[in-house]
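Asks: So that we are looking at the same thing, I have put the structure below in structure tokens.
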Amino acid sequence: MTIGRVQSPRIIRIGGGVAAETADVLGQLGLSHPLIVTDKTLVGLGHVARVTDTLDAAGMRYSIFDGVVEDPTDTCLDAGLQALRAEDFDCVIGLGGGSALDAAKAVSFMSVNPGHVRDYKAPTQIDRCGPPVIAIPTTGGTGSELTRWCVITDTKRVEKYNLSGLACVATAALIDWEFTVTKPARITADTAVDSLTHAIEAYVSKKAFAYTDTFALSAMPLIARHVRHACAEPDHAEAREALMLAASQAGMAFSNASVALVHGMSRPIGAHFHVAHGLSNAMLLPEVTAFSVDHAQARYATCARVMEMAGDTDSDATACAKLVEGLRRLNDDLKVPSPSAQGLEETAYFDTLPLMAEQALASGSPQNNPRVPSAEEIVSLYTKIW
21 MTIGRVQSPR
31 IIRIGGGVAA
41 ETADVLGQLG
51 LSHPLIVTDK
61 TLVGLGHVAR
71 VTDTLDAAGM
81 RYSIFDGVVE
91 DPTDTCLDAG
101 LQALRAEDFD
111 CVIGLGGGSA
121 LDAAKAVSFM
131 SVNPGHVRDY
141 KAPTQIDRCG
151 PPVIAIPTTG
161 GTGSELTRWC
171 VITDTKRVEK
181 YNLSGLACVA
191 TAALIDWEFT
201 VTKPARITAD
211 TAVDSLTHAI
221 EAYVSKKAFA
231 YTDTFALSAM
241 PLIARHVRHA
251 CAEPDHAEAR
261 EALMLAASQA
271 GMAFSNASVA
281 LVHGMSRPIG
291 AHFHVAHGLS
301 NAMLLPEVTA
311 FSVDHAQARY
321 ATCARVMEMA
331 GDTDSDATAC
341 AKLVEGLRRL
351 NDDLKVPSPS
361 AQGLEETAYF
371 DTLPLMAEQA
381 LASGSPQNNP
391 RVPSAEEIVS
401 LYTKIW
């Protein structure tokens, strides 16, 4: 019998406008002096003010660290740690996409754990917790607000580190879809396919179990049904709400069942070529699925059916073929570029493939895949998506 082990935030609030409850949540937890970890774009958009207004009204002191960069690095983390140590903060608010939430988690746990962040890369479990983290996502993508994972890039070794453990679990999550209506189509598409990848990989993962299956199977159809509407109509409330909910559900699924080959291969693309994480996942998802389907036909066929890419009367083999085609069609509709179309330098890309394959395998994620690849097969997959 499979034993499921679940870690999740103590408080989860979901809905349009729920960010206005930030001060209330802090009060419920006995907290009153947060460091807000975010980026300059969100300050400019007024998203940070939506949170600080509630803190001001409650008479709470706070400071803002807006130095988060896309795919946060160890140097970004060091700057955030310096900001945290400058005052007597009792918690950290991560406000933004996956980069801000991951940075907030890392700032928290590295404030009480010695050494460099690379010392804690998976499979190490980081269980010594720092100040409580309140996660407020502004994109419907990573699901980091509900996961026990975060990712930090090592600038010296040019590698993205998977970091995991109780210290990577937020204490509270406020999931407010109203933040997402300002997101352009490209970010909306990439973060949605990131969520879809989380859900599919969690469902086919060798570590999947009944609890995570429920979240994965709920997230997949929400994304498939609504992502095109959200890209075409940025203020489509129903679509935005659905994608935000799906991102969180998919986050809960993969946080506890783990991701697989797509993510293992995606991180090196981001580390070496600075491709956004959701976009690199999207580039890989159809081809990696085609590589894997024969080794978990029933599971992949269920994915196809719940997303209405295949019918109940289709055989598993037919449903799997329709799933691969449906994912390719989704990428076409969302205008997902290949690495070459994205402008990656060809010689550098192909010269780096052996190292990327080595880093993908070292991450541990490919070992959860229904079909575990060799380094040579990973290089072949990277070549196919070029």
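The numbering of the sequence shown is our numbering, which starts it at 21 and goes up by one.
For each residue, glycine too, the CB sits at the ideal point set by N, CA and C.
Owing to the predicted nature of the structure, the values given are computational and were not obtained by experimental measurement.
#1: For Asn182, does the three-state DSSP call read helix, strand or coil?
#2: Give the straight-line distance between the Cα atoms of His67 and Leu51, rounded to the nearest whole angstrom.
#3: Ala192: which of Gln145, Ile405 and Ile34 sits nearest, CA to CA?
#4: So for Lys125, helix, strand or coil by DSSP?
#5: Between Thr200, Asn133 and Ala318, which has its C-alpha nearest Gly160's C-alpha?
#6: Per DSSP, which residues does Arg325 bridge with? Please list them.
#7: Is the beta carbon of Val112 sitting closer than 8 Å to the one on Pro143?
#8: On the CB-based measure, 16 or more other CB atoms within 10 Å of its CB, does Thr297 come out buried or exposed?
#9: Among residues of its own chain, excluding the 5 on either side of Leu256, which ones have a beta-carbon nearer than 7 Å to its beta-carbon?
#10: What separation, rounded to the nearest whole angstrom, lies between the Cα atoms of Leu104 and Asp98?
#11: Could you say which of Thr162, Val71, Asp73 and Gln27 lies nearest to Glu90 if we only look at CA atoms?
#12: Is it a yes or a no for the region 172-181 touching the region 213-223, going by three-plus beta-carbon pairs under 8 Å?
#13: Please report the straight-line C-alpha distance between Leu55 and Gln269, rounded to a whole angstrom.
#14: Have a look at Tyr140, Glu107 and Leu194 and flag the residue whose alpha-carbon is nearest the alpha-carbon of Leu85.
#15: Measuring straight from C-alpha to C-alpha, what distance separates Val127 and Ser215?
#16: Can you tell which of Leu401, Met376 and Asp196 has the C-alpha that lies nearest to the C-alpha of Thr42?
#17: Let me confirm a value: Met21 is counted as buried when at least 16 other C-beta atoms fall within 10 Å, else exposed. Which label applies?
#18: Looking at the secondary structure, which residues open and close the beta strand (DSSP E) in which Leu115 lies?
#19: Val402: which of Val308, Ser184, Leu65 and Ala318 sits nearest, CA to CA?
#20: Are Ser385 and His218 closer than 8 Å when you measure CB to CB?
#21: Give the secondary structure of Trp169 by DSSP, where H, G and I count as helix, E and B as strand, and everything else as coil.
#22: For Asp371, count the other beta carbons within 10 Å of its own beta carbon; 16 or more makes it buried, fewer makes it exposed. Which is it?
#23: Within the chosen definition, does the region 286-293 reach the region 222-242 through at least 3 CB pairs nearer than 8 Å?
#24: Please look up how many angstroms separate the CB atoms of Leu375 and Ala395, rounded, as I've assumed it's under 8 Å.
#25: Going along the chain, which residues of its own chain have a beta-carbon closer than 7 Å to the beta-carbon of Leu281, five neighbours each way excluded?
#26: Determine the contact status of Arg81 and His53, defining contact as a CB-CB distance below 8 Å.
#27: Taking buried to mean at least 16 other C-beta atoms within 10 Å of its own C-beta, is Val189 buried or exposed?
#28: Starting from the C-beta of Arg391, find all residues in its chain whose C-beta is less than 6 Å away, skip the five residues before and the five after it, and write them out in chain order.
#29: Pick out the complete alpha helix (DSSP H) segments inside the region 313-386, 4 residues or longer, and give them in chain order.
#30: With a threshold of 8 Å on Cβ separation, who are the neighbours of Ala302 within its own chain once the five nearest residues in sequence on each side are excluded?
#31: Have a look at the DSSP bridge pairing and note the partners of Phe85.
#32: Exposed or buried, Gln48, counting other C-beta atoms within 10 Å across all chains shown (16 or more means buried)?
#33: Is Ala361 near Ala339, with beta carbons less than 8 Å apart?
#34: Pull up the distance between the alpha-carbon of Ile398 and that of Ala310, whole angstroms please.
#35: Using DSSP with H/G/I as helix, E/B as strand and the rest coil, what is Pro157?
Replies: In terms of the structure at hand:
#1: Within the sequence shown, residue 182 is the residue found at index 162, counting from 1. Residue state, collapsed to three classes: strand.
#2: Position 47 of the sequence shown, counted from the first residue, corresponds to residue 67. Position 31 of the sequence shown, counted from the first residue, corresponds to residue 51. Those two C-alpha atoms are separated by around 21 Å.
#3: Residue mapping note: residue 192 aligns to position 172 of the sequence shown, counting from 1. Out of Gln145, Ile405 and Ile34, Ile34 has the C-alpha closest to the C-alpha of Ala192.
#4: Locating residue 125 in the sequence shown gives position 105, counting from the first residue. Three-state result, Lys125: helix.
#5: Taking the first residue of the sequence shown as position 1, residue 160 is located at position 140. Checking every option, the nearest Cα to that of Gly160 belongs to Thr200.
#6: If you number the sequence shown from 1, residue 325 lands on position 305. For Arg325, which the question treats as bridged, DSSP gives no partner whatsoever.
#7: For the purposes of this step, residue 112 is taken as residue 92 along the sequence shown, with counting starting at 1. For the purposes of this step, residue 143 is taken as residue 123 along the sequence shown, with counting starting at 1. No.
#8: Working through the sequence shown from its first residue, we reach residue 297 at position 277. Here residue 297 turns out to be His, not Thr, going by the sequence shown. That one is buried.
#9: Along the sequence shown, one-based indexing puts residue 256 at 236. Note that residue 256 is His in the sequence shown, not Leu. Same-chain partners within the cutoff: His249 and Ala250.
#10: Reading the sequence shown from its first residue, position 84 is the one you call residue 104. Reading the sequence shown from its first residue, position 78 is the one you call residue 98. Taking the straight line from one Cα to the other gives about 10 Å.
#11: One-based indexing of the sequence shown puts residue 90 at position 70. Comparing Cα positions, the closest option is Thr162.
#12: no
#13: By 1-based counting over the sequence shown, the position of residue 55 is 35. By 1-based counting over the sequence shown, the position of residue 269 is 249. Approximately 27 Å, taken between the alpha carbons.
#14: Working through the sequence shown from its first residue, we reach residue 85 at position 65. The identity of residue 85 in the sequence shown is Phe, whereas the question assumes Leu. Out of Tyr140, Glu107 and Leu194, Glu107 has the C-alpha closest to the C-alpha of Phe85.
#15: On the sequence shown, residue 127 is found 107 positions in, with the first residue counted as 1. On the sequence shown, residue 215 is found 195 positions in, with the first residue counted as 1. The alpha-carbon atoms of Val127 and Ser215 are separated by roughly 24 Å.
#16: Indexing the sequence shown from 1 puts residue 42 at position 22. Per the Cα distances, Asp196.
#17: Sequence index remark: in the sequence shown, residue 21 carries index 1 (1-based). Note that Met21 scores 49 on pLDDT, short of 50, meaning its location in the model is unreliable and no value can be drawn from it.
#18: Within the sequence shown, numbered from 1, the residue matching residue 115 stands at position 95. Looking at the DSSP string, the run of the beta strand (DSSP E) that includes Leu115 is Cys111 to Gly116.
#19: Locating residue 402 in the sequence shown gives position 382, where the first residue counts as 1. Residue identity check: residue 402 is Tyr in the sequence provided, not Val. Ranking Val308, Ser184, Leu65 and Ala318 by Cα distance to Tyr402 puts Val308 first.
#20: As a first step, residue 385 must be located in the sequence shown, where it is residue number 365. As a first step, residue 218 must be located in the sequence shown, where it is residue number 198. Taking 8 Å as the Cβ cut-off, Ser385 and His218 do not qualify as a contacting pair.
#21: Taking the sequence shown and counting its residues from 1, one reaches residue 169 at position 149. Looking at Trp169 - three-state DSSP - the assignment turns out to be strand.
#22: For the purposes of this step, residue 371 is identified with residue 351 of the sequence shown, where counting begins at 1. Exposed: under 16 other Cβ atoms inside 10 Å.
#23: no
#24: Looking up residue 375 in the sequence shown gives position 355. Looking up residue 395 in the sequence shown gives position 375. With a Cβ gap of about 10 Å, Leu375 and Ala395 do not count as contacting.
#25: By 1-based counting over the sequence shown, the position of residue 281 is 261. Answer for Leu281: Val308, Ser312, Ser385, Pro386, Asn389 and Pro393, listed in chain order.
#26: Stepping through the sequence shown from its first residue, residue 81 is reached at position 61. Stepping through the sequence shown from its first residue, residue 53 is reached at position 33. Result yes, Cβ atoms of Arg81 and His53 sit closer than 8 Å.
#27: Here the question's residue 189 lines up with position 169 in the sequence shown. Buried is the call here.
#28: As a position in the sequence shown, residue 391 is number 371, starting the count at 1. Result list for Arg391: Ser312 and His315, in chain order.
#29: 317-326, 336-353, 359-362 and 366-382
#30: In the sequence shown, counting from the first residue as 1, residue 302 sits at position 282. If we look at Ala302 and ignore the five residues flanking it on each side, its Cβ neighbours are Ala209, Asp210, Val213, Asp214, Thr217, Asn351, Leu354 and Val356.
#31: Here residue 85 is taken as the residue at index 65 of the sequence shown, counted from 1. In the DSSP output, where bridge partners are listed per residue, Phe85 has Val57.
#32: Sequence index remark: in the sequence shown, residue 48 carries index 28 (1-based). Answer is exposed; the Cβ neighbour count stays below 16.
#33: Along the sequence shown, one-based indexing puts residue 361 at 341. Along the sequence shown, one-based indexing puts residue 339 at 319. Their beta carbons are not under 8 Å apart, which means Ala361 does not touch Ala339 by this criterion.
#34: One-based indexing of the sequence shown puts residue 398 at position 378. One-based indexing of the sequence shown puts residue 310 at position 290. So the two alpha carbons sit approximately 13 Å from each other.
#35: To locate residue 157, count along the sequence shown from 1; it is residue 137. Of the three classes helix, strand and coil, the one that applies to Pro157 here is strand, per DSSP.
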